[in-house]
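If you count the sequence shown from 1, position 116 lands on 125 in our numbering, and the numbers rise without skipping. For reference, the structure discussed in these notes is given below.
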Amino acid sequence: MSSEKIIHLLAPAKINLGLRVLEKRTDGYHEIQTVFLALDWYDQISISPPPLISSSSTSFSPSSNSTSSLDSPSTEISPSLMSSPSSAISMTCTDPRLPTDESNLVMQAALMLAERCSNSSSVAIHLEKKLPHGAGLGGGSSDAAATLMGLAEFWDCGMSRAELAALAAELGSDVPFFLNPRPSLGEGRGERLTYIDEIFHGSSEKVDVCVAVVTPPIIVSTEEAYSLVRPNSEAVSLSLEAVLKGPLNEWQIGLSNDFEMPVFRKYPELQAIKESLIRDGALYSSLSGSGSAVFGLFESEEMARTALESTSHSGWVGSPILTV
């Protein structure tokens with residue numbers, strides 16, 4: 010590995026087209042069905058040899074009692090230093106609200122890979138955070154997947170895609186999808202993937218659909234959302250894949266997100282966003298994951314832009330106009 014080697018990776022957002030919670034498993038997870046669709050909206054992960062850390066930098070050791078503050082008013086990037094058996098791993102982030110210790114999935118991914126890669130060495134990871142945090146868009150999972158792929162190349166670990174996928178599944182149910190973010194049917198916990206590219210990238214006109222995403226400043230706990238939803242494996246008639254092969258203007262009838270009812274009950278403003286997007290012409294609108302992001306699919310960029318303007322409020326994050 011060259012001492013000058015720097016790797017940059019894009020970590021895309023995702024939306025869920027339908028999400029069915031079928032049953033709670035004996036391991037505590039839930040059996041689900043969903044379709045993952047990646048968007049051209051990204052965080053960026055950069056991996057490089059570590060810089061010299063000045064005396065003013067803060068540091069963290071797993072054995073230390075120090076913690077990072079999420080409410081620091083500083084806009085400077087402050088690194089945290091982690092130690093693994095074979096390497097020192099530092100992380101910085103452009104968003105001072107996010108931790109850079111082992112509670113961040115990026116650090117968990119790096120430490121997990123360092124333990125399994127004999128070539129691991131000191132490394133600096135920088136996260137340029139652009140995706141909303143805690144919104145059901147998979148930003149943390151995507152960042153973790155990008156970290157796994159980037160470090161596997163940086164350290165020349167020689168791991169197969171299957172080995173990386175196994176590590177990704179340990180980190181989180183959504184992480185495997187982001188290793189190769191093609192349109193995918195997700196089953197099991199969401200980690201068992203079947204690629205369905207032909208629905209979006211065949212001769213269908215759906216490829217030209219525009220996506221608008223609205224994220225209010227609400228963080229919906231996934232654990233809490235699962236506790237509120239009532240699993241129902243009896244309700245499945247058509248498969249999600251079968252619904253998606255039908256006309257896009259029928260998706261609103263055939264696709265459902267089982268988190269919507271309990272989450273909308275607790276956060277009615279999210280239901281209001283969905284209704285606004287549909288009123289402004291969305292062919293399909295839904296909560297993404299357990300929220301709080303709500304998205305709409307539109308026939309044109311102009312319609313998507315108008316819908317975003319209609320839902321514009323202080324503190325709310327509107328996506329760029331996205332295509333799939």
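Note that beta-carbon positions come from the ideal geometry of N, C-alpha and C, so glycine has one too. All figures in this text were calculated on a predicted structure; none of them were measured in a lab.
In three-state terms, what does DSSP make of I330? Correct three-state label for I330: coil.
Proximal residues to N128 (C-beta, below 7 Å), its chain only, five neighbours per side dropped: Here the set comprises W164, D165, C166.
Could you tell me whether the segment 254-261 touches the segment 314-331, where touching means 3 or more Cβ pairs closer than 8 Å? Touching, no, given that fewer than three Cβ pairs across the two stretches are closer than 8 Å.
Alpha-carbon spacing of E137 relative to L19, whole angstroms: Cα-Cα distance, rounded: 10 Å.
Quick check on this structure: which residue in S193, I287, Q280 has the alpha carbon closest to the alpha carbon of F45? It is S193.
Whole angstroms is fine: what's the gap from M158's alpha carbon to E32's? Approximately 32 Å between the Cα atoms of the pair.
Return the CA-CA distance between G181 and F268, expressed in angstroms with no decimal places. Taking the straight line joining both Cα atoms gives about 19 Å.
I86 in three-state terms, based on DSSP: Low confidence applies here, because I86 scores a pLDDT of 40, under 50, leaving its location unreliable; read the following figure in that light. In this structure, I86 counts as coil in the three-state DSSP scheme.
Is the distance from the Cβ of V184 to the Cβ of S150 below 7 Å? In this structure, V184 places its C-beta atom within 7 Å of the C-beta atom of S150.
Along the chain, where does the alpha helix (DSSP H) that runs through L237 open and close? Per DSSP, L237 belongs to the alpha helix (DSSP H) from 231-237.
My understanding is that I24 touches G199, with C-beta atoms under 8 Å, so please give their C-beta distance in whole angstroms. With 8 Å as the limit, I24 and G199 do not qualify as a contact, their Cβ atoms being about 13 Å apart.
Given S309 as reference, the closest of M168, A119, V220 once Cα atoms are compared: With distances taken between Cα atoms, S309 lies closest to V220.
Within the segment 252-316, note down every full beta strand (DSSP E) run reaching 3 residues or more, in order along the chain. Listed in chain order, the complete beta strand (DSSP E) runs (minimum 3 residues) inside the segment 252-316 are 293-296, 303-307.
Within its chain, find whatever has a CB closer than 7 Å to the CB of T203; leave out the 5 residues flanking it on each side and keep chain order. For T203, same chain residues with a beta-carbon under 7 Å away, outside a window of 5 residues either side, are S193, L194 in chain order.
DSSP state of L173, grouped into three classes? In the three-state DSSP reduction, L173 falls in the helix class (H, G or I).
Cα separation between L286 and D52? Whole-angstrom Cα-Cα distance: 25 Å.
With a threshold of 8 Å on Cβ separation, who are the neighbours of Q117 within its own chain once the five nearest residues in sequence on each side are excluded? In the same chain as Q117, and ignoring 5 residues on each side of it, the C-beta atoms closer than 8 Å to its own belong to E111, A153, L180, in chain order.
What are the start and end residues of the alpha helix (DSSP H) that includes L160? Counting along the chain, the alpha helix (DSSP H) containing L160 begins and ends at 148-163.
Alpha carbon to alpha carbon, how far is R170 from R125? Give it in angstroms, no decimals. Distance from the CA atom of R125 to the CA atom of R170, rounded to whole angstroms, is 14 Å.
For S193, which beta-bridge partners are listed by DSSP? Beta-bridge pairing links S193 to F45, Y204.
The alpha helix (DSSP H) spanning A119 covers which residue range? Here the alpha helix (DSSP H) through A119 covers 114-125.
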